[in-house]
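These notes are about the structure you will find just below.
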Ligand SMILES: [Mn+2]
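Numbering (the working numbering), first residue to last: 65 to 382.
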């Protein structure tokens, strides 16, 4: 392992121009790792040119702005891809081979080889955790700005140290990070977890209205009128779906949101028991085993999905 850290460090040292990328649909780990890595590199090598690319996310504006990429510099640049297992999911890179050298740093199971050098650790809670580790194992220099970004990404990917890949190593690295940089973790939690009142009111609506079946399926169909009442954003369900975890009576929960403008029904589904992605795949959607979604053109599919998920819950309970 030590050799791998050294090799990554050597490549960073070798290149004057470095581009850092992450996956589409950015989340705090993707943003925190790329922005944090940029800080680390510039703090260690102030003369280098480091660009973080990808679509800017206003939801996570506290992570910082993206950089403009100079196309002419690609062929001389080192590309570091964080938190992304395959080319199709890299935001802002069509062909990694256009770059001089490619490093992949990831904690997803490997899907595709597009790199010259890889560090994939599926036991790591987050790529942010991996970068804290890399820094302490090499001559990269930590600072407060990098620490804040890495901390937020790690906290978000572990859901505040709740998920089971939170390990003794996670706590050890975070402990050292806080001690070294004196980051103010309370204010950072504010960034991550304060939310608009409308989301909370909508959560109340979902909690009040959700039907819960015998098998442990919670479901809810939200008509367009209700979406309009809560601000008219079809992304609303996606913002709150994660908040219905850990309810005794609910194993799987799904919200169907009518989107009249686009003539479709958005499906957001979550599970804390059976794997649900295969059901959603059947209806043209997909995702992770515990978090999936779909966009339905056919209204009849709503009932079919409810039946399939209910079946899944019942079998799981047996
Ligand atoms: Mn991640």
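Glycine residues also receive a C-beta, built at the ideal position from the N, C-alpha and C atoms.
No experiment lies behind these values; they were computed from the predicted model shown.
Those residues which DSSP pairs with residue i across a bridge
i, result
"residue 184", "170"
"residue 332", "319, 357"
"residue 282", "276, 317"
"residue 165", "142"
"residue 114", "82"
Simplified DSSP state of residue i, which is helix, strand or coil
i, result
"residue 271", "helix"
"residue 352", "coil"
"residue 126", "helix"
"residue 305", "helix"
"residue 154", "strand"
"residue 100", "helix"
"residue 204", "coil"
"residue 296", "coil"
"residue 383", "The structure shown does not extend to residue 383, since the chain is modelled only from 65 to 382, so the question has no answer here."
"residue 239", "helix"
"residue 217", "helix"
"residue 106", "helix"
"residue 225", "coil"
"residue 325", "coil"
"residue 287", "coil"
"residue 230", "coil"
"residue 199", "helix"
"residue 160", "helix"
"residue 92", "helix"
"residue 310", "coil"
"residue 75", "helix"
"residue 176", "coil"
"residue 261", "helix"
"residue 136", "helix"
"residue 131", "coil"
"residue 66", "helix"
"residue 244", "helix"
Heavy atom of ligand 1 within 7 angstroms of residue i beta-carbon
i, result
"residue 191", "yes"
"residue 185", "no"
"residue 171", "yes"
"residue 155", "no"
"residue 147", "yes"
"residue 365", "no"
"residue 140", "no"
"residue 288", "no"
"residue 263", "no"
"residue 221", "yes"
Residue i beta carbon near ligand 3 (any heavy atom closer than 7 angstroms)
i, result
"residue 93", "Among the ligands modelled here, namely ligand 1, ligand 3 does not occur."
Residue i - containing beta strand (DSSP E), residue span
i, result
"residue 85", "81-85"
"residue 189", "Taken as a continuous stretch (DSSP letters only), residue 189 belongs to no beta strand (DSSP E), as it is neither H nor E."
Residue range of the unbroken alpha helix (DSSP H) whose run includes residue i
i, result
"residue 366", "364-381"
"residue 346", "341-346"
"residue 252", "249-257"
8 angstroms Cβ cutoff, residue i in contact with chain C
i, result
"residue 296", "Absent here is chain C; the protein component of the structure consists of one chain."
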